[in-house]
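Residue numbers (numbering that gives the first Met the number 0), protein chains in the order written: chain A, 0 to 759; chain B, 0 to 759.
Worksheet: the structure to be examined is printed underneath.
There are 2 protein chains.
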Amino acid sequence: MSNYNVVGKRIPKLDAAQKAMGRAEYIQDIKLPGMLYGKILYSKYAHAKIIKIDISKAKALPGVHAVLTGNDVPEKMKMGFYKDNPPIKKGKVCSFRDEVAAVAAKTPEIAKKALGLIEIEYEELEGIFDPEKAMEKESPLVHEHSKSNVLNLPWKLHYGDVEKAQEEAAFVVEDRFTTTWVTHCCMGTSGAVALFDASDNLTIYTNTQIPSLAQKDFLESLKAMGLKNKRVRVIKPIIGGGFGSKLDTYAYEHIAILLAHKCRKPVKLIFDRMEEFTATSTRQPAIIDIKQGCDKDGKLLFRDIKMILDNGAHTSWGATTPSVMMMPITSLYRVDNVRYDAKCVYTNNTYSQAMRGYGNPQATFAIESSIDMLAEKAGIDPIEFRRINRNHPGDITPQGFKITTCGMDLCLDTVEKELRKTASNEKSVGIGIASLIHVGGGARIYKSDGCGAILKIDDYGKVDVFTGGTDMGQGLDNITAQIVAEELGLLVEDINVVHSDTDVCPWDVGAHASRSTFVAGNAALGAAKKVKAKLLEFGSEILDTPAESLVLRDRLIFVPNDPEKSMPIDKLLRKAHFSPGGTMLMADHFYDPANENLGKDFKGNMSMTYTFGVHGVRVKVDEETGKVQVLEYVAAHDVGQAINPLLLEGQVYGGVVMGLGYALSEEVVHQNGKNMNANFRDYKLFTAKDAVKITAYVFETPDEEGPFGAKGIGEPGCVPTAPAIANAIYDAVGVRITNLPITPEKVLAAIKEKKKRPLN
Amino acid sequence: MSNYNVVGKRIPKLDAAQKAMGRAEYIQDIKLPGMLYGKILYSKYAHAKIIKIDISKAKALPGVHAVLTGNDVPEKMKMGFYKDNPPIKKGKVCSFRDEVAAVAAKTPEIAKKALGLIEIEYEELEGIFDPEKAMEKESPLVHEHSKSNVLNLPWKLHYGDVEKAQEEAAFVVEDRFTTTWVTHCCMGTSGAVALFDASDNLTIYTNTQIPSLAQKDFLESLKAMGLKNKRVRVIKPIIGGGFGSKLDTYAYEHIAILLAHKCRKPVKLIFDRMEEFTATSTRQPAIIDIKQGCDKDGKLLFRDIKMILDNGAHTSWGATTPSVMMMPITSLYRVDNVRYDAKCVYTNNTYSQAMRGYGNPQATFAIESSIDMLAEKAGIDPIEFRRINRNHPGDITPQGFKITTCGMDLCLDTVEKELRKTASNEKSVGIGIASLIHVGGGARIYKSDGCGAILKIDDYGKVDVFTGGTDMGQGLDNITAQIVAEELGLLVEDINVVHSDTDVCPWDVGAHASRSTFVAGNAALGAAKKVKAKLLEFGSEILDTPAESLVLRDRLIFVPNDPEKSMPIDKLLRKAHFSPGGTMLMADHFYDPANENLGKDFKGNMSMTYTFGVHGVRVKVDEETGKVQVLEYVAAHDVGQAINPLLLEGQVYGGVVMGLGYALSEEVVHQNGKNMNANFRDYKLFTAKDAVKITAYVFETPDEEGPFGAKGIGEPGCVPTAPAIANAIYDAVGVRITNLPITPEKVLAAIKEKKKRPLN
């Protein structure tokens, strides 16, 4: 057990009571004087020319302040990784969610009514909804100016010699796995409130995971609007879920900005639940062809993956998921020969976005299903097979990832032990496992992976920390408070964490890649260390003792076992403040990890450390209905140091439940580009009633660079769930489902198909 | 002329447009979800026992959430310098403004109605309203537990030997001067909104000039309520005037806290205009007996002052004005022998508070009227008399004030020149002048006179400064922005000043004593210097040139006359940020001036520097009506360095207009403790229609310790106005008015009286 006083404690979410009491202020609650309400009109077709738009009736409606069409959007105002997406489309629409007009009005009702008065004449075009078809030469182009629907993106690597390894392999398996659209289902719908001051500086309240990068996007929009050298203040209110959905800026934000500037009033644009389903971005669907081979002893020799990704009609940052998929592909288990080739393809479907795991769940579904198949072919127990190939501390993977700490062995042992506790000879019951690797120490995908923190401590021993890190419900405020409290010998209630306001908080690249505990934690710790040094210096002087012998703990500064040399920290602070040349203590720190951007060959140590885990599941399959019942779920993770085990386990539980939905039930159904289940009745989210018992094992393998040894754990929980389930179903009833979600219909059909086949 | 780029420029108030557009958010505009409205019931008598309070009918009124009486106030919850003032009184009331009950209700209307339903049985007691009478032994006691109405306060000093000097003096004058109640007349009335979070931490929006000290007061109230170790966040919204009125915490704030805690909801308590007149504190009325003498050459030999101050029923920080009155008494002009004895006396009148000048206008009225009288007696021109006795740089005054820079000579010359421009032989026209000394470099009246600042600069060269300093309309945000912009080579629009929020802003002792430009300016400058050093370091590296040769100006870093070595600062910042080990630039600074607390003998160098000024006025007196017309007003000030001459002149104009009201028309009329003119019809505030032409002369005598040489100038403008006017009236018509305000009635009566007297 650690000797920590605050770190490692199960301290409930600091804002839990506030949320429980209904006092938390979400974007929905923000009301500003004179505020107008914005609404967006979406395309009627998946692919069409806009022949004519008549907004005259909408403009004439009393209470309407502005109506915008694509003509009102400055030419250079474009969104996404490719900058191929103007917030309102002009001339042509490429998907049902394409924005064609927007309105600001005195009430949401008037705004909605005005949308109905906008008359648009379309000329429908042939749509393309299947990425494989879209790759064919004769297919219609989603964007005429590009010669092909295949994006010119570089996701291609080859380390070692896959061809040679394949020749040498004793066993080889090859299969195709597919995944579909799922969505984040944030309980708080998206929205923004934008307002300009008299000097055309912008303040925007918005649901974002990237206040600093969103600020940059909005500054670019302002520039496109001719507003140069302005200030943009991004404030993120409390949000009801992120999960990656807010890692980009969206049309609604830029439209709110355009409307606010046009009307010279604050404009609020909030999604209703249907819009949340239809107009936010999904996890990217993938078609994954995977081939793996091993030698006769089960040693993995190669991995060869081809992938087709449905990019949808526009290119968000979500299009860069292959950069993260490479991680499990090159580095989950020891494998020297790896080839990967991903194609992102424009279609007239909805465009995708980041979602918890950022490509890793898709890739891991294919890899870990395939690993089980290979183990079977090699005649090796799947757990044993993984043990043979597991990662080790000190490894450098083909992609150049430096594995500092790795608890995969512990996780494998634990999951095996848990699953073997119960005898598994019941009919239609099976067990399955799957492992994961993920970044656990930041992920350098931008020019800086850094985060700043500023800390001040008042005369009463109360601390304010301004962090670049974004709390979006995951509990970064707790983590930051616990880290600072531990370092300064205070209690968690002494620490106030101010986040998500670019005026107050230093820069941070955003809440992604499970990086916040590690990077924002280190930033806060760095500032706390500077303040601690000053406290010890003052303490040394006032208690007349060497600084090295002083300890800060429980609001006291003291020499252990010397009751004479002890003083409440707040008293020390007042002495420091109220003396000649006195001062209050403040400090700042900017922590940018020494991780590397991936090079041209995609090599580079992307993260300061990596996190590992193994999930095991026991399922029972109803062979009459195909329904899969999860009997037991064990999730073992290597976490470095749990700053707060309660929240950490919460991340694991939440991740697993999200993973279970991904595995078994969730799917955004699209028919010719149209979302067919934009509501919680038809979109089968895993809910409380579907919850299963999850046992989380948390192994502490303190990482040298992590704050108090911690690694990130935000995403891993949902990464290996689907293959673990698929493997367990195979173990239970001998059918292998390769496309997600594994619905009862698919299982039943496979069982029937299997029964038709002659017995081995 | 200075070589500054931003400092010294006439840059309009940064929030001017926001205010002009009606977008500034005052306390009145704050609405929180579920907010209740508080109202206070005041005493019906100036002095009475409370026999019985029946709140049952008020409590039963639908919409009423809480009714508080003195019984609901914790015993230790007391306000003011003496802690003699509970926010709601129990058992006894001592003035008409004494709070006897408070209500929180769903609407202000219900709250008001509920007040009317509170039934109180009083037993009236004899009141005492004249401080001289109150000093008599047989007078009723305002507070029975004190043996006397005279407060046990130590305002007594004697430097040199006044008795001896008096014997040696060739000329001696002696007279009594009196001043009365005037009030701040803030356009924004007082108010607060208090709310508790689930953990009983308090947030209070309040009109205050002392966020950090108010936080301390509120923490003490929380402690009295049994809420220990809590956090208090004080946020000051934009306020419509301070002028010293907000240098203490008030009953309404503590009542809002009590109500918010009782109701578990936000409670807003806003004064209406009548309450603003009756329930806020006035400038302290003074009875001043002054004797001064000089030798035959006009050299001032001694000054002997006895003062009686009407303390009212309770003791606010305003009771400490004698500590500042000492400044002109001991240090306005060179005078070696000084004696001062002030008595503060409880009465059943309203209690007083700080007001612009903090006692200095009262003292200077007596001193500068008396100086003219002494000059006349000595047969010396009053301007010449002042020149003989003026302060000099390098002087150390009897109280120990170290005069670093002093522009009194320049001010005297300029005012004389201006006044002599016009021939003065018109009938009933006269000129008068008066000088002033005031603290210009902080004022150490608390354990710390410090202020903290935190600064961060983003990738676009935009700066956020969190300052402890409080902008209350005086323009500290501009001053801070100009200082930081100058130091960092940026423009004023690049600087965002965040102030008046204790969560975000470092500690500061408060906006008083004209200290903000000096102290908060130095804090911001200190932080800017640290960032500048880092900028130069980066610049030196990137431009491959020694840091010493680099200049920051106009958003550029460059080597003068070397076009090769130049780069936009924002580009440099991005280079610093987006490089290995990169960082964004942040810094903090705490500036506590090296000034001294006054010792037991009241000696000590209270301020790092002192500011001087001379006002001259030409008046015409209507001998038929007694009405005084101000024909010309010249205000010459020694300001160190004007950071922003536009705002500085604004401070002078505003001060003079306030001084003119004090001199000629303003008076809170009290009859047996009752305010008889609690409205703008009967309280004769100087308004736009009364405005006179004021010419401000600003002399720059850069002070070594001031930021860019600046001294404070917030208060001086209103200090010498009244004696200048009184002296001019004497010059015009030969009557000496010794009690303020100098109304037409008093002038006419004096003229009539004079006419009755035999000619000399």
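Heads up, the beta-carbon is just placed ideally off N, CA and C, and yes, glycines get one too.
Quantities reported herein were computed from a predicted structural model and do not represent experimental measurements.
Residue 553 of chain B has a beta carbon lying at 9 Å or more from every beta carbon in chain A. Contacts with chain B at 9 Å (Cβ-Cβ) do not include residue 4 of chain A. Excluding residues up to 5 positions away in sequence, 73 lie with their Cβ nearer than 6 Å to the Cβ of residue 224 of chain A in the same chain. For residue 33 of chain A, there is no enclosing alpha helix (DSSP H), as DSSP gives it neither H nor E. Residue 18 of chain B is positioned such that its CB atom lies no closer than 9 Å to that of residue 119 of chain B.
Between residue 750 of chain A and residue 625 of chain A, the beta carbon gap of about 7 Å places them in contact (Cβ cut-off 8 Å). Within the stretch 305-331 of chain A, the runs of alpha helix (DSSP H) that reach at least 4 residues and sit entirely inside it are, in chain order, 320-330. For the set B:591, B:571, B:38, the Cα lying nearest the Cα of residue 584 of chain B is the one of B:571.
Going by DSSP, residue 552 of chain B is part of the beta strand (DSSP E) stretching over 550-552.
Taking a beta-carbon distance threshold of 9 Å, residue 230 of chain A counts as an interface residue toward chain B.
For residue 151 of chain B, the nearest beta carbon of chain A is not closer than 9 Å to its own beta carbon. Sequence-ordered contacts of the stretch 569-600 of chain A with chain B read 576, 577, 579, 580, 581, 582, 583, 585, 586, 587, 589, 591, 593 [C-beta pairs closer than 8 Å]. Using a Cβ-Cβ cut-off of 9 Å, residue 451 of chain B counts as an interface residue toward chain A, since at least one Cβ of chain A sits closer than that to its own.
The stretch 675-682 of chain A and the stretch 22-39 of chain A do not touch, with fewer than 3 CB-CB distances between them shorter than 8 Å.
Close partners of residue 681 of chain A in chain B (Cβ separation under 7 Å) are lacking, with about 34 Å as the shortest Cβ gap.
A Cβ-Cβ separation of about 18 Å leaves residue 287 of chain A out of contact with residue 355 of chain A under the 8 Å criterion. Here the alpha carbons of residue 339 of chain B and residue 156 of chain B stand approximately 5 Å from one another. DSSP assignment within the stretch 273-299 of chain A yields the following whole beta strand (DSSP E) runs of 3 residues or more, N-terminal first: 285-293. Rounded to the nearest angstrom, the Cβ distance from residue 276 of chain A to residue 182 of chain A is 6 Å, consistent with a contact under 8 Å.
Here the alpha carbons of residue 549 of chain A and residue 560 of chain A stand approximately 11 Å from one another. Under the Cβ criterion (8 Å, minimum of three pairs), the stretch 98-109 of chain A does not count as touching the stretch 290-302 of chain A. The stretch 474-489 of chain A and the stretch 183-195 of chain A do not touch, with fewer than 3 CB-CB distances between them shorter than 8 Å.
Note that the stretch 131-150 of chain B touches the stretch 339-353 of chain B; at least 3 beta-carbon pairs, one per stretch, sit closer than 8 Å. No residue range can be given for residue 227 of chain B, since it is assigned to no beta strand (DSSP E) and is classified by DSSP as neither H nor E.
With fewer than 16 other Cβ atoms from the protein chains shown falling within 10 Å of its own Cβ, residue 55 of chain B counts as exposed. Pairwise C-beta distances place the stretch 603-615 of chain A in contact with the stretch 703-710 of chain A, as three or more of them are shorter than 8 Å.
Short of 8 Å from the beta carbon of residue 3 of chain A, and not among the five residues preceding or following it, lie these beta carbons of its own chain, in chain order: 485, 707. At a C-beta separation below 8 Å, residue 20 of chain B has these neighbours in chain A: 197.
Any Cβ of chain B closer than 9 Å to the Cβ of residue 506 of chain A would place that residue at the interface, and such an atom is present.
For residue 98 of chain A, the enclosing beta strand (DSSP E) starts and ends at 98-104. According to the DSSP assignment, residue 372 of chain A belongs to the alpha helix (DSSP H) that extends over 359-377. Interface with chain B (9 Å Cβ-Cβ cutoff): residue 501 of chain A is included.
Per DSSP, the unbroken beta strand (DSSP E) holding residue 342 of chain B starts and ends at 336-345. Residue 695 of chain B: not part of any alpha helix (DSSP H); member of the beta strand (DSSP E) spanning 693-698, first to last residue.
By the C-beta criterion, the stretch 730-745 of chain B is judged not to be in contact with the stretch 634-646 of chain B, since fewer than 3 inter-stretch pairs fall below 8 Å. Taking C-beta separations shorter than 6 Å and ignoring five residues to either side along the sequence, the partners of residue 230 of chain B in its chain run 200, following chain order.
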